[in-house]
Amino acid sequence: MELQEIIKPENLVYDKTRLLTDKLMHYCPGCSHGVVHKILAELIDEMGLQDKTIGVSPVGCAVFAYNYIDIDWQEAAHGRAPAVATGISRINPEKFVFTYQGDGDLASIGAAEIMHACNRGENILVVFINNGIYGMTGGQMAPTTLEGMVTATTPYGRNVERNGYPMRITELIAQLPGTSYVTRQTVHTAPAARKCKRALKKAIKNVLEKKGTSFVEVVSTCNSGWKLSPVKSNKWMEENMIPYYPLGDMKDSVKGEHSDN
Amino acid sequence: MKGNEVLAEAAIRCGCDGYFGYPITPQSEVMETLMIREPWNETGMVVLQAESEVASINMVYGAAGTGKKIMTSSSSPGISLMAEGISYIAGAELPCLIINVQRGGPGLGTIQPSQADYFQSVKGGGHGDYKLIVLAPASVQEMNDFVDLAFELAFKYRNPAMILTDGAIGQMMEKVELSDYKPRWTQEEILEKSGNWATIGKPDTREQNVITSLELQSDKMEENNRRFQEKYRRMEADEVRYETVLCDDADYVFVAFGSSARVCMKAVEIAREKGLKVGLLRPITLYPFPQKVIMEMTPNVKGFLSVEMTAGQMVEDVKLSVYESGHHTHVEYFGRMGGIVPTPDEVVEALEEKFIR
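Listed in order, the protein sequences are those of chains A and P.
So the first sequence is numbered by the working numbering: it starts at -18 and just counts up by one.
So the second sequence is numbered by the working numbering: it starts at 3 and just counts up by one.
Dropping the structure here:
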């Protein structure tokens, strides 16, 4: 069989995600952002949402998310994405609005905004990338930095006496009656990425059905911040991050209902 | 009606699409009035109490991205909290309305009226080189009229506009003729006006609309700044608004805005009764400032007295205007601070003391 006979549309098994732009991604090799972007781009396309989606990008590594996913975007001030998304979604409730935030953005400087947006049950999706470090500014301590973890601002390891404890903010979010679906995922293996895609799809459906806020944390790697190779980062994440940030659904209910688990 | 209530009523009537705010004295009646009126039932206007001024201005930023008419109101400490968001809105070139019903500062200060946020309002307030269109009402009627005007200017220039008023006018009851109802813009009208930038969902037929103030390439960021500055120069050329009272034969001119201008109206009367030829220049737009008017008056005037409820802020712009004229007309400041409104007699006394005695 000739090669030309094989290259036919009906034999296509994999193609570039349509809603990912051709711009060169600035993310480091091995970073989880690229995978999560791809999943979101796939879902927005598969669910036919391109013309009703507005993304809100954060301050942090994902500040340029708007360069990569071919939808309308608004870039928020540090931590304010949930307030920005609230404004968009309240004014145009028929749109699908999501925020894409890192741990510094969401759990530190934006802790008030995320709590209140979730507590109001804004019909938005929150994608929370937790890699336990400030990647963009050069690897400083984040609220989710593990105890003993070395960062640029905890050069001898995070000392809980001085710096407080790593924050499990997703567990706090799950307590709020405004949220309908709260889950913690990873994308470091193919099965994990597929599972994360299923979780994000459910989250988007909930938002479209106006069930309140859906919140998807993705425990992620930052190999340049952690100063580990991509492969070692995945292993380190499995051994250190996941025991402290256990995976799975924390809440799966409709707005106003109390969650049992 | 009360000034603050009129702001709310004017917002509903001018077809405002959304209000996001946080309670703070002396302007809480704006949101309270909106909540009583329930405009979402009547015009479809959204009203939301945010968790903080930081959140409310960022809700405004998001909502203004949709190309609709969006506003917030607050008072001095709250506006300071909003400064970051206002800078982002100016940098992203979004139209919106911000109302500052000023109180005395600095810090928590007092809940009594003040004009000490003049610098913050007209010189920028947040970080970076930007300007707001700043309107200063001097009556409850103007509180009504300037809401619609502010939106008109904000959309004309794709720039945040501010109504800078104070606790006195916010709390004052006066007769007012409310504007007629204007319908909110339809989605088609928004597409026509703002479809090339508003974040309303990307159809396959157009490029992405991205609202951001970020540009890491310095040459492009400088280009953006040049564009902003050109826009500000256009505002300075076309949008200066002011009122003059008895300035034609005046030897001395009070320069005052808002509440201070009301005091000066009476002071002009008292001074005229005393045989002093005194007039009043009332800037209505504080930015763009009526610099040219002052420059034109300069050859015929012996002195300008800038009367402010500040420690002397607008007087700098008056002096700058005189400097630009090339004349050496005497400029003085008189004001009260910390929530005190000057009396007309005090103003006349200050005029006599600084210029005549």
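All C-beta atoms in this analysis are idealised placements derived from N, C-alpha and C, irrespective of residue type, glycine included.
Beta-carbon proximity check, Asn60/P vs Arg61/A, cutoff 9 Å: Going by C-beta atoms, Asn60/P is nearer than 9 Å to Arg61/A.
Straight-line Cα distance separating Asn100/A from Leu157/A: The C-alpha of Leu157/A lies about 5 Å from the C-alpha of Asn100/A.
Pairwise C-alpha distance: Phe121/P and Pro79/P: Annotation: Pro79/P to Phe121/P spans about 14 Å, alpha carbon to alpha carbon.
Residue burial classification, Asp361/P (beta-carbon count within 10 angstroms, cutoff 16): Residue 361/P lies beyond the residue range present for chain P, which begins at 3 and ends at 359; the question has no answer from this structure.
Cβ-based neighbour list, Ala118/P, same chain, cut-off 6 Å, excluding 5 preceding and 5 following: Within its own chain, the residues whose Cβ lies closer than 6 Å to the Cβ of Ala118/P, once the five positions on either side in sequence are excluded, are Gly107, Thr312, listed in chain order.
Check whether Ile150/A and Ala93/A have beta carbons under 9 Å apart: Against a cut-off of 9 Å, the Cβ pair of Ala93/A and Ile150/A comes out as no contact.
Delimiting residues of the alpha helix (DSSP H) encompassing Cys177/A: Counting along the chain, the alpha helix (DSSP H) containing Cys177/A begins and ends at 171 to 189.
Proximity winner among Met84/P, Tyr90/P, Thr27/P, relative to Glu56/A (alpha-carbon distances): Closest in alpha carbon position to Glu56/A, among Met84/P, Tyr90/P, Thr27/P, is Tyr90/P.
Under the three-state DSSP convention, the category His332/P falls into: Strand, per DSSP.
Same chain only: Cβ atoms within 7 Å of Gly85/A, ignoring 5 sequence neighbours per side: Cβ neighbours of Gly85/A within its own chain (closer than 7 Å, five residues either side excluded): Gly41, Tyr115, Ala123.
Local conformation of Glu103/A per DSSP, three classes: If DSSP states are grouped into helix, strand and coil, Glu103/A belongs with coil.
Reduced DSSP secondary structure (H/G/I, E/B, other) of Arg76/P: The sequence as given places Ser at residue 76/P; Arg does not occur at that position. Strand.
Sheet register partners of Gln166/A (DSSP bridge): Partner(s): Val199/A.
Inter-stretch contact (C-beta, 8 Å, three-pair minimum) for the stretch 62 to 69 of chain A and the stretch 13 to 29 of chain A: Verdict: no, contact absent.
Whole-angstrom distance between Met218/A and Lys182/A, CA atom to CA atom: Going from the Cα of Lys182/A to the Cα of Met218/A covers about 24 Å.
Neighbour flag for Lys204/P against chain A, beta carbons, 9 Å: For Lys204/P, the answer is yes, since a Cβ of chain A falls inside 9 Å of its Cβ.
Under the three-state DSSP convention, the category Asn102/P falls into: Asn102/P: strand per DSSP, three-state reduction.
Opening and closing residue of the beta strand (DSSP E) in which Asp53/A lies: Run containing Asp53/A: 53 to 56, per the beta strand (DSSP E) assignment.
Residues in the stretch 157 to 171 of chain A having any Cβ partner in chain P nearer than 7 Å: Residues of the stretch 157 to 171 of chain A that bring their beta carbon within less than 7 Å of a beta carbon in chain P are absent altogether.
Chain-ordered neighbours of Thr68/P on chain A, where CB pairs are closer than 7 Å: At a beta-carbon threshold of 7 Å, the residues of chain A lying near Thr68/P are Ile69, Ile72, Asn73, ordered along the chain.
Contained alpha helix (DSSP H) runs [length at least 4] in the stretch 130 to 182 of chain P, N- to C-terminal order: You should have 142 to 159, 169 to 173.
Inter-residue spacing [alpha-carbon to alpha-carbon] between Asn43/P and Cys177/A: Distance between the alpha carbons of Asn43/P and Cys177/A is about 40 Å.
Cβ contact check for the stretch 322 to 340 of chain P and the stretch 291 to 309 of chain P: 3 or more pairs under 8 Å: Yes, they touch.
Residues near Thr68/P by beta carbon distance below 7 Å, same chain, minus five either side: Correct list, in chain order: Ala200, Thr201, Ile202.
Neighbouring residues, chain A, relative to Phe22/P (Cβ below 7 Å): Here the neighbours are Gly68.
CA-to-CA distance, Val16/A to Lys222/P, given in whole angstroms: The alpha-carbon atoms of Lys222/P and Val16/A are separated by roughly 30 Å.
Close beta carbons around Phe256/P, own chain, < 6 Å, minus the five adjacent residues each side: Excluding positions up to five away in sequence, the list reads Cys266, Leu282, Leu307, Val309.
Residue span of the beta strand (DSSP E) that contains Ile(-12)/A, given as start and end: Per DSSP, Ile(-12)/A belongs to no beta strand (DSSP E) and is neither H nor E.
Under 8 Å from the C-beta of Lys76/A: neighbouring residues of chain P: Residues of chain P passing the Cβ test: Ile202, Gly203.
8 Å Cβ cut-off: residues of chain A touching Ala13/P: Here the premise fails: no neighbours, minimum Cβ distance about 14 Å.
Residue burial classification, Met175/P (beta-carbon count within 10 angstroms, cutoff 16): The residue is exposed, with fewer than 16 neighbouring Cβ atoms inside 10 Å.
Helix, strand or coil at Leu(-16)/A according to DSSP, with G and I counted as helix: Judged by DSSP in its simplified three-state form, Leu(-16)/A adopts helix.
Ranges of the beta strand (DSSP E) found wholly within the stretch 17 to 45 of chain A, counting only runs of at least 3: Segments of the beta strand (DSSP E) lying fully in the stretch 17 to 45 of chain A: 34 to 38.
Segment contact, 8 Å Cβ cut-off, at least three pairs: the stretch 72 to 83 of chain A with the stretch 135 to 149 of chain A: Segments in contact, no.
Outcome for Pro224/A when other beta-carbon atoms lying within 10 angstroms are tallied against a minimum of 16: Exposed is the call here.
Gln114/P vs Gly314/P beta-carbon contact at 9 Å: It is not a contact, given that the beta carbons lie outside the stated cut-off.
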